[in-house]
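Comments concern the structure below.
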Amino acid sequence: MPDAPERIWIIGASDGIGEKLAEAYAATGAHLILSARSEDKLTALADRLGAAHRAVALDVSDRRSLEVAAEKIAAMGPLDRIIHLAALYDPGKIKDLDPERAAQLVTVNLMGTFHIAQIAPPLLRAGGQLALCGSVAGYIGLPQGQIYSATKAGVINLVESLRAELSGQIDVRLISPGFVDTRLTAQNNFEMPAVIPPERAAELIVKGLNERRFEVHFPRRLTLVLKLMRALPYWASLPLTRRLVQ
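In the numbering used here, the protein residues as written are 11 to 256.
And the structure:
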């Protein structure tokens, strides 16, 4: 008998990378559960992709919202993959950031990932995959978007811990995108190095999650440079980052 279609829950599916990832997985025959805050966008996407796909609206910053969604999804049967991409982004220097907006980024990006890390694993089949989204912005402190970068540094640390905690139970992965041309990065007022379209990002995520590496990071012409900077001692790396704010 043919293998059953993969059942995949994508959180942050209403636009950007998440939308293109949904299209890519639907093209493989997977059955998708699509989540984000915008129910209208999700429903339109599910309808466009076909009858095998479901829209379940939620807010990752609202624990109860996630618990209600998880109850609905649990009733549908075990999942093969959960991919969490939802995030907020607000570039700017620390001195210029609105404190309430900064707190919102922490709530959505870091606490939202924490909520998923607690709620999602029981929904997966044994050995299923949980992929959580960090960012290359979390590798090292760089100018512009520091609260976003700080939350993503926290996410990276959280996912590393979760990988150790759930070893042998589920397959925990980290996704670390560089600059992707989306509604969020359209806020940037600087030239984005090595920027790629969301379709390419989705293609690289699908490929990377089918391989064995813990981290899916792209594009490598950017990520490898930042990984090298992260590996340098502070006396070498900090002068490099200072040049970026002059």
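Virtual Cβ for every residue (Gly too), placed ideally from N, Cα, C.
Asked, Found
"Distance, Ala23 Cα to Arg73 Cα", "19 Å"
"DSSP three-state assignment for Glu29, whether helix, strand or coil", "helix"
"Proximity of Thr123 and His94 at Cβ, strictly below 8 Å", "yes"
"Beta-carbon contacts of Asp191 that lie in its chain and below 6 Å, excluding the five residues immediately before and after", "Val205 and Pro207"
"Ile93: first and last residue of the uninterrupted beta strand (DSSP E) it sits in", "Leu89 to His94"
"Contact under 8 Å by Cβ, His63 with Leu76", "no"
"Whole-number beta carbon distance between Ala14 and Ala46, since they are thought to touch under 8 Å", "With 8 Å as the limit, Ala46 and Ala14 do not qualify as a contact, their Cβ atoms being about 26 Å apart."
"Unbroken alpha helix (DSSP H) run spanning Gly55, endpoints", "Note that residue 55 is Leu in the sequence shown here, rather than Gly. First-last of the alpha helix (DSSP H) with Leu55: Glu49 to Leu59."
"For Glu213, the residue or residues it bridges with in DSSP", "Looking at the DSSP assignment, Glu213 forms no beta bridge with any residue, so it has no partner."
"Residue range of the beta strand (DSSP E) that includes Phe228", "Glu225 to Phe228"
"Collapsed DSSP secondary structure at His63 in the structure displayed", "coil"
"Nearest neighbour of Gly144, chosen from Ala130, Ala32, Ala85 and Thr233 [CA to CA]", "Thr233"
"With 16 other Cβ atoms within 10 Å as the buried cut-off, status of Tyr35", "buried"
"Enclosing alpha helix (DSSP H) for Arg135 [first to last residue]", "Per DSSP, Arg135 belongs to no alpha helix (DSSP H); it is in the beta strand (DSSP E), Leu134 to Cys143."
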